[in-house]
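Engineer: Could you have a look at this structure, given as structure tokens, before my questions?
Residue numbers (our numbering), protein chains in the order written: chain A, 786 to 878; chain B, 167 to 418.
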């Protein structure tokens with residue numbers, strides 16, 4: 786499944802994709818797997834999305850075709866050509 | 167009724183279609199709570215006061231520090247060491263003496279949050295998730311609107327929560343980035359203005375609110391995007407089982 790992934794500004798920096806194109810094409814069946822593929826490609830992202838045991842950090846948010854996924858939807862199959870946006874939640878004021 | 171001075175002060179916004187004297191009087195009668203007088207709070211408070219919101223309750227327990235001044239535009243070097251809530255009140259009173267400002271120097275806790283919020287619409291300008299969750303709990307329990315905004319570096323997000331109708335803050339966030347938050351002043355200025363816009367629209371009854379949508383601002387690529395957000399059926403705060411809904415028992 787080919788998915789077009791857009792990263793938040795913070796993740797873009799660690800993904801080494803700082804310039805255009807602003808989306809990265811990833812082949813993966815679901816959002817969680819997309820992230821795994823990206824982390825393999827850009828290892829410096831790892832500490833921002835996984836804990837030391839490799840568990841997804843609760844600050845990682847997935848949006849598919851403009852809709853936020855609930856936690857039990859992270860492994861929901863994505864359609865070919867889906868748009869995935871990954872954002873790390875923050876609480877600064 | 168608006169005084170002659172008020173009609174003059176608000177002349178330009180009275181010209182906005184759908185605003186008028188009636189809208190201005192609604193603002194004048196309105197009361198809102200702004201929780202946090204930091205970066206977001208600075209932008210929110212200046213614009214709510216300037217627009218003529220009749221009563222604003224400010225809650226903040228901190229004192230102004232030099233390192234706040236890159237983003238907390240309510241304050242000047244003369245305010246360093248002063249309580250933020252009190253310094254904010256002083257600044258806003260000079261901006262608009264026709265409105266009432268109440269400054270509460272309080273740390274928001276599980277024990278006092280229900281008393282502090284009372285019946286006010288809540289503007290969430292806090293800098294940490296636990297306190298935001300406390301405000302969310304009161305919003306859900308009392309069905310008060312909650313105008314949420316958050317920032318990190320050049321990124322920001324905002325949404326407007328109407329309990330029962332929209333997802334709540336716990337539906338939205340399961341966790342946030344830890345540690346000291348990097349931020350440049352323009353980011354909370356952008357997001358704080360989004361929040362203030364929502365408050366003004368809500369109080370007057372104009373336009374379409376940012377409900378059920380998360381606005382995401384990326385200052386580095388200068389893009390605003392938005393995503394639909396939905397209620398989490400397992401939400402601990404607003405879901406059917408609501409294990410966190412200790413509600414008014416917390417009131418002291």
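Beta carbons are placed, not taken as given, at the ideal position from N, Cα and C, and that holds for glycine.
(1) Would residue 289 of chain B and residue 210 of chain B qualify as a contact pair, given that the criterion is a beta-carbon distance under 8 angstroms?
(2) Chain A partners of residue 347 of chain B, CB-CB under 9 angstroms?
(3) At a CB distance below 9 angstroms, what residues from the segment 310–342 of chain B approach chain A? Give them in sequence order.
(4) Looking at chain A, is there any beta carbon in it that lies within less than 8 angstroms of the beta carbon of residue 409 of chain B?
(5) Let's see if you can read the secondary structure: which residues bound the beta strand (DSSP E) around residue 318 of chain B?
(6) Quick one: what's got a C-beta closer than 8 angstroms to residue 841 of chain A's C-beta in the same chain, skipping five residues either side?
(7) 8 angstroms is my cut-off, CB to CB: does residue 796 of chain A come that close to chain B?
(8) Going by other Cβ atoms of all chains shown within 10 Å of its Cβ, with 16 needed for buried, is residue 183 of chain B buried or exposed?
(9) Cβ closer than 8 angstroms: which chain A residues qualify as neighbours of residue 227 of chain B?
(10) Tell me which residue opens and which closes the alpha helix (DSSP H) that residue 281 of chain B is part of.
(11) Relative to the C-alpha of residue 353 of chain B, which candidate in B/316, B/186 and B/201 has its C-alpha closest?
(12) Flag this pair as touching only if the segment 328–336 of chain B and the segment 398–406 of chain B have three or more C-beta atom pairs under 8 angstroms; answer yes or no.
(13) When the cut-off is 8 angstroms and only beta carbons count, does residue 807 of chain A lie next to chain B?
(14) Examine chain B for any beta-carbon lying closer than 8 angstroms to the beta-carbon of residue 848 of chain A, and answer yes or no.
(15) Starting from the N-terminal side, write out each stretch of the alpha helix (DSSP H) that is 4 residues or longer and does not extend beyond the segment 335–380 of chain B.
Structural biologist: From the atom records:
(1) yes
(2) 875, 876, 877 and 878
(3) 315, 316, 317, 318, 319, 320, 321, 322, 323, 333, 337, 338, 339, 340, 341 and 342
(4) no
(5) 312–318
(6) 817, 820, 834, 835 and 859
(7) no
(8) exposed
(9) Result: empty, since nearest Cβ-Cβ is about 13 angstroms, beyond 8 angstroms.
(10) 279–283
(11) B/316
(12) yes
(13) yes
(14) yes
(15) 335–338 and 352–370
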